[in-house]
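Number of protein chains: 4
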Amino acid sequence: MKIVIVPHPKYPKSEVVERKGIGHPDSICDGVAEAVSRALSRAYIKETGHIQHHNVDKVTLAAGRSRTSWGGGEILRPIRIFIVGRANYSVPVETIAIKAARDYLHEILPLARDEHFVIDPRVGEGASELISTVENVVANDTSVGVGFAPFTEAERITKEIADFLNSREFMREWPEVGPDIKVMTHRDGELLDITIAAAFVDRFLGSIEEYRRSKEAIEERIREKFELRDAVVKINALDNYEKGMVYLTVIGTSAEQGDDGSVGRGTRVNGLITPTRPMSLEAAAGKNPVSHVGKLYNVLAQQIAERIYAETGKPAEVMIQSRIGYPITDPPLVLVRTDASDIENIVKEEIEKLPEITMKIVEGKIRVF
Amino acid sequence: MKIVIVPHPKYPKSEVVERKGIGHPDSICDGVAEAVSRALSRAYIKETGHIQHHNVDKVTLAAGRSRTSWGGGEILRPIRIFIVGRANYSVPVETIAIKAARDYLHEILPLARDEHFVIDPRVGEGASELISTVENVVANDTSVGVGFAPFTEAERITKEIADFLNSREFMREWPEVGPDIKVMTHRDGELLDITIAAAFVDRFLGSIEEYRRSKEAIEERIREKFELRDAVVKINALDNYEKGMVYLTVIGTSAEQGDDGSVGRGTRVNGLITPTRPMSLEAAAGKNPVSHVGKLYNVLAQQIAERIYAETGKPAEVMIQSRIGYPITDPPLVLVRTDASDIENIVKEEIEKLPEITMKIVEGKIRVF
Amino acid sequence: MKIVIVPHPKYPKSEVVERKGIGHPDSICDGVAEAVSRALSRAYIKETGHIQHHNVDKVTLAAGRSRTSWGGGEILRPIRIFIVGRANYSVPVETIAIKAARDYLHEILPLARDEHFVIDPRVGEGASELISTVENVVANDTSVGVGFAPFTEAERITKEIADFLNSREFMREWPEVGPDIKVMTHRDGELLDITIAAAFVDRFLGSIEEYRRSKEAIEERIREKFELRDAVVKINALDNYEKGMVYLTVIGTSAEQGDDGSVGRGTRVNGLITPTRPMSLEAAAGKNPVSHVGKLYNVLAQQIAERIYAETGKPAEVMIQSRIGYPITDPPLVLVRTDASDIENIVKEEIEKLPEITMKIVEGKIRVF
Amino acid sequence: MKIVIVPHPKYPKSEVVERKGIGHPDSICDGVAEAVSRALSRAYIKETGHIQHHNVDKVTLAAGRSRTSWGGGEILRPIRIFIVGRANYSVPVETIAIKAARDYLHEILPLARDEHFVIDPRVGEGASELISTVENVVANDTSVGVGFAPFTEAERITKEIADFLNSREFMREWPEVGPDIKVMTHRDGELLDITIAAAFVDRFLGSIEEYRRSKEAIEERIREKFELRDAVVKINALDNYEKGMVYLTVIGTSAEQGDDGSVGRGTRVNGLITPTRPMSLEAAAGKNPVSHVGKLYNVLAQQIAERIYAETGKPAEVMIQSRIGYPITDPPLVLVRTDASDIENIVKEEIEKLPEITMKIVEGKIRVF
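Below, the structure written as structure tokens:
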């Protein structure tokens, strides 16, 4: 393992940050893929003593069809969720996948009923070559994991607003906002411009007037709570009240009509999409947490960056390269952009903790989207 | 529109570059999505005079099942390709989609036969709200397009090797190499380490010995052609001749067994995956080329960067921000990292050419993966 | 309406009778189709005041994959149930269909869990032409409904044995027998030869020896209960204990592995398959109970035959012809084979009761398979 | 084997006869299932020397969506054809199935293009128990095959009209009539009433007036050709010219919109549906022609009846019973209803020819629907 340390780059004057909430079609796919991977991991451990090869990171959602109506509409055709991947069949893979997906969907979409989904697994037997790589715990791909800390102000606010809108507290107070939200922040110098897309739920609203009042009250609430007096905060920017065009849904997600989704299109392992920062393309959700460096190294890089910042007070950007066939605990290169020094030990210690990361992912203590 | 120019960052000492070839399962999905979008665009123009809203960027591939055999094996179960998306039905959307997908698959996988695929379209009617945004040609999303020029040496070589392996010339000389290839390059200082994954085709090989000879000859050929005397060049690093484990296929793609694919997991619009460079997460393939800034602004940013480099000799990294509902010809921010000066006019002139970009994409003159 | 009465034919010396139980893959399809039709009918009545056109009689089941094991095995891949048909979308058709199918499956397969099924509806909007025929309640097809009474001895015993094996009483006493059973009776003169196929359930059996003992005890029990001292009664005739080939399942139906199913392949509306008796080809299950003569006239013919027999003591075979576009209460021809006389009024009165039949079908009081 | 001969029953005074043409959705399913079975049989013979177990008799068609237009409309969404069944995988089952289905569809629907279909095979590996029964060529089920000869006048005319409408000669002269036709004949005493449903093709018709003229001319042509001066002959009885409701299609089959289909819902092996005659419920199409008595015994019974009639001039109805596990050349009972005598040898000789029947089915010389 080679550790290279270079100075931290300057922060840009302008940035764009985005977070897709839990009920966004892309996040739904990420969440389903991850729920299936975790359920399979637990079953493998129980049945065989250790996690077997699997890769269920090709989850795609085809939107349903709904008919909204003030006071409550209907889901006419179900949302289809294709779970495509490979797994070792020492456990009943597809029934585990269906159950994990269904339980997860009910957890995040409390208004949805079983009959609003077709969960359609197509999980093949994994190729034997790939399976053998898991047993020896060598990297199963050549890729790069990326992490950074701390968040900029825009990043922090974006994440906090999104998490607030998805919180139990908020959903109790504003049941008319569904779990499908998206927060996009533009910062230009000091100026923050925050656009929120939020799927409103028809059963809790009697008219377009109620919708409007609710929307404006929420905008006000966010401005207050996050102390955004000088920022622009706008929900559902495309609404057109004259034409009756508003963002209304039956169960609180655009997946019920019109919006499809796919794993890996949403937020990265740190919870954000940050095109003006280093980012990994890897879709972490659904990959096995033992040998898939596309998953593990992103989590690891994030943890190293956070620890460097915590211990030294200096920002850090971390990139970890993998090589297919190399032991995952010995990455060929770790590149750290930081002004801190003497951080080699942090890197090494965190890499030692990879098995812990695996288990924390399985237990749901580390989230990857 | 605001144009901000900052100095170009230093190139890193170490980099990772990857290119997935035309027959890789992820690239197959990108290519199918793009072929469908182009076919729809042409049909809309013919039928209604201009391109209508569509978004068919959720193509997923579930691998088939094959039985390889020296001298020629069989495809037991077909590769399934789900084409998920939205489109305006003023033209026969799904039959256009199937035809475009099939024609494309035959073009890139000459050994595949119709019966090796199930092409399964699920393209809904687009939500009316989104459709209206196309008519006025305003940005349909808030995102960031990214481009840079010139390529580093590692980037250039990675792209050229991949394109060489996918070239007619190469495939005529080495028919035993299928279109599913992947080239990954690590540069560490001056040292290049190039790993290639290539799906060999069983019908052109009589034995594992022939496979080995062919593979070694190709490694040698690449070293020569690209003058890589000091680089490591390795094909199919996981091969194990003793165990008979080699990378063998029937029609030249891992999609026939074991490897699934999805749009947006592969190369960016410049043809590369470059985690150590600014990158967009957007899946460009399959998006409509009129209002989808996730597609257009990536192409545009790349063209601006290339023109800056061509006219000034200075490297450039370009990021273009979009805002949902804003005219696409007036992006809120263009950030250019370059040491060139007086490049505002280049930016403006290139933005003026957006309608040309649209038509070039439709005509297949601009490739997005 | 023309009523033609001819003498009853002689009973054949030899006959074949069959009944597929509730858990047989073909019966599962019939039951799902019928459950969906009933649920849609109730929803239409509630929402619009009367039953709208629908036809969901193309239900097909693709078997899953299971791994049986003495003491309890696993379902590796789910059973797929395609619900294909047409319906009026004044109610949320597909979500009603999924819910009705799922509830029904749990009712008849108590060992199955949600994740053992993929319920996949593809119910199109009905063609407007056909819908209009429902509103006027004219026959929507040209076909023939058939019924007869009373049952022969072989018919009666076949039905009673099958119903006994599917009864709660039996399933409590012999939990190791699943709901997928089939009873076939050959009568040759006086001699009855009864073959039973029964899916045994692995979790209730510790070994092949237990299986054998259970099977023999059940054969004995049937012989006793139905007083079949001189008949041959044989369960799972293809079992081969030496080779370990027995009919074992995880959830009690061959649909879990190896046996597909389809609507209309199973029993007729009288509960039997009787090739040596007049029979209708019509698949009654899933058709709307208002205008689908292929459903209504079979039930009606059976009711007329039963009433003739009840009131006159004479056997009767009844065939009712329909004509597309004719009022369903005025069939062009009713042919009765009976030695009874003066039965025209019975025919006419029963035809008057068609609206009652519709409602009894909706309420589940008349079963059609 | 026991052969029982009883007198032939009297012919009824009234009868109903139906034939679904080659392009009817149910017949499409029968034809696809049979094409797949034949293609598999040929592949098994070539690869392994003899036909292996297979059963692909659960083909279901979910209608597409079309937009008809005088002068030529469009197929908006494809027709989906699910090929569900079991087969031995010593040959590439699903790719053979897709190819056979596609070739067959093009043969019978010359206006359809590849992109008008999604051919979706789900053919599992056959259960080992069932496979072993094929190897020994014992009956794989307990069922009854039925045949009769000669046809009544109504039966003959029904079949001939349908075959005329599906003939090349007719389709050349009247290209505006598609292959999806259905002929239903009611005979009441001497009176014939013939109703024809025929899918007209929009591209060959410029207006509803042309449709009307064509339809009336065809009615006249049929009356002439089949000398039906006193019969009622009516095409598309539900047409309503005022409302513009006529039976119009884009490619000549109702499967393109609104009508689903399934194997075994259409004509029997003699080409007719005859509810007033003995009939088998068995779906012959798609079953393997070696051990599936539900297929073989229906063909055999028909051949015995035809030969009895040919050699003796006496009508015959033949029923052949099978028993699971019995050699197929030794059925437990053959029941012949005829007034001919000394026909035991005919029965025995025809049973000897079962292997010939198998090969004729594979070669397409015997049609089963």
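Chains as they are written, first to last, in this note's numbering: chain H, 1 to 369; chain X, 370 to 738; chain R, 739 to 1107; chain A, 1108 to 1476.
Backbone N, C-alpha and C fix where the C-beta goes; we use that ideal spot for every residue, glycine too.
These numbers were taken from a predicted model, which means no experiment stands behind them.
Practice task
Indicate whether at least one CB of chain R lies closer than 8 Å to the CB of A:Glu1236.
Solution key: With a pLDDT of 49 at A:Glu1236, under the threshold of 50, the predicted position of this residue should be treated as unreliable, though the coordinate-derived value follows. Taking Cβ atoms only, chain R reaches closer than 8 Å to A:Glu1236, which makes this a yes.
Problem - Three-state secondary structure (DSSP) of A:His1223 - result: helix
Handout entry: Where A:Ser1250 sits in the DSSP three-state scheme
Key = coil
Practice task
Have a look at H:Ala340 and H:Gly23 and give me their C-alpha separation to the nearest angstrom.
Solution key: 39 Å
Exercise for the section: Return yes when the Cβ of A:Ile1226 is within less than 8 Å of the Cβ of A:Ile1190, no when it is not. Expected result: yes
Practice task
Give, in chain order, every residue of the segment 683-716 of chain X whose Cβ lies closer than 8 Å to some Cβ of chain H.
Solution key: Met688, Gln690, Arg692, Ile693, Gly694, Pro701, Leu702, Leu704
Exercise for the section: Could you name each continuous alpha helix (DSSP H) segment of 4 residues or more that falls completely within the segment 173-260 of chain H, going from the start of the chain to the end? Expected result: 208-225
Problem - Which of helix, strand or coil DSSP assigns to X:Glu498 - result: Model confidence at X:Glu498 stands at a pLDDT of 48, short of 50, so the residue's coordinates are unreliable; what they give is reported in the following sentence. In this structure, X:Glu498 counts as helix in the three-state DSSP scheme.
Practice task
In the DSSP assignment, find the unbroken alpha helix (DSSP H) run with X:Met728 in it and report its ends.
Solution key: 723-731
Problem - Length of the line joining the Cα atoms of X:Leu430 and X:Ala624 - result: 8 Å
Practice task
Report all residues from its chain with a CB closer than 8 Å to the CB of A:Glu1236; omit the five preceding and five following residues, and keep chain order.
Solution key: Residue placement at A:Glu1236 cannot be trusted, given a pLDDT of 49 that sits under 50; what the coordinates show is reported in the next sentence. Around A:Glu1236: no qualifying Cβ.
Exercise for the section: Give the C-beta separation of R:Asp914 and R:Phe938 to the nearest angstrom, bearing in mind that I take them to be a contact with Cβ-Cβ under 8 Å. Expected result: Sequence check: residue 914 of chain R is Glu here, not Asp. Right, the Cβ-Cβ distance comes to about 5 Å (below 8 Å), so this counts as a contact.
Handout entry: For H:Lys314, the first and last residue of its enclosing alpha helix (DSSP H)
Key = Note, H:Lys314: premise wrong, no alpha helix (DSSP H); not H, not E.
Practice task
Measuring only between beta-carbons, confirm whether A:Ala1208 sits less than 8 Å from chain R.
Solution key: no
Handout entry: Range covered by the alpha helix (DSSP H) that runs through H:Glu282
Key = Looking at the DSSP string, H:Glu282 is not in any alpha helix (DSSP H), and its letter there is neither H nor E.
Handout entry: Residue nearest to R:Ala936 in terms of C-alpha spacing, selected from R:Val1001, R:Trp912, R:Ile819, R:Met1017
Key = R:Trp912
Practice task
Over the uninterrupted beta strand (DSSP E) stretch that includes H:Phe82, give me the two end residues.
Solution key: 79-87
Practice task
State yes or no: is the beta carbon of A:Val1253 nearer than 8 Å to at least one beta carbon in chain C?
Solution key: The structure shown contains no chain C; its protein chains are H, X, R and A.
Handout entry: Cβ-based burial, R:Pro918 [other Cβ within 10 Å; buried from 16]
Key = First, the residue type needs correcting, since residue 918 of chain R is Asp and not Pro in the sequence shown. With 16 or more other Cβ atoms within 10 Å, it is buried.
Practice task
Compute the distance between the beta-carbons of R:Arg824 and R:Glu863, then report whether it is under 8 Å.
Solution key: yes
Exercise for the section: Note the first and the last residue of the continuous beta strand (DSSP E) segment covering X:Lys389. Expected result: 383-389
Problem - C-beta contact flag for R:Pro750 and R:Thr1014 at 8 Å - result: yes
Practice task
Can you check DSSP and say which residues form a bridge with H:Lys2?
Solution key: H:Leu333
Practice task
Identify whether X:Ala437 lies in helix, strand or coil by the three-state DSSP scheme.
Solution key: One detail in the question is off: residue 437 of chain X reads as Thr in this sequence, not Ala. Correct three-state label for X:Thr437: coil.
Problem - First and last residue of the uninterrupted beta strand (DSSP E) at A:Thr1167 - result: 1161-1169
Problem - Environment of X:Asn714 [buried if 16+ CB atoms lie within 10 Å] - result: exposed
Problem - Assumed close pair A:Thr1249, A:Arg1375 - CB separation to whole angstroms, cut-off 8 Å - result: Their Cβ separation, rounded to whole angstroms, is 19 Å, which puts A:Thr1249 and A:Arg1375 out of contact at 8 Å.
Exercise for the section: Taking all protein chains shown into account, decide if R:Asn1008 is buried (16 or more other Cβ within 10 angstroms of its Cβ) or exposed. Expected result: buried
Handout entry: Backbone CA spacing between A:Arg1275 and A:Asp1221 [nearest angstrom]
Key = 22 Å
Handout entry: Length of the line joining the Cα atoms of X:Trp439 and X:Gly621
Key = 13 Å
Handout entry: X:Met648 beta carbon less than 8 Å from that of X:Val506
Key = no
Handout entry: Inter-residue spacing [alpha-carbon to alpha-carbon] between A:Ile1268 and A:Thr1381
Key = 16 Å
Handout entry: Neighbour-count burial assignment, X:Ala466, 16 or more Cβ in a 10 Å radius
Key = buried
Practice task
Look at A:Asp1309 and A:Gly1138 and say whether their C-beta atoms are less than 8 Å apart.
Solution key: no
Handout entry: Separation of R:Arg1003 from R:Ile960, as counted between CA atoms
Key = 26 Å
Practice task
Please list the partners that H:Asp188 has in chain X, where partner means a Cβ-to-Cβ separation under 7 Å.
Solution key: Leu702
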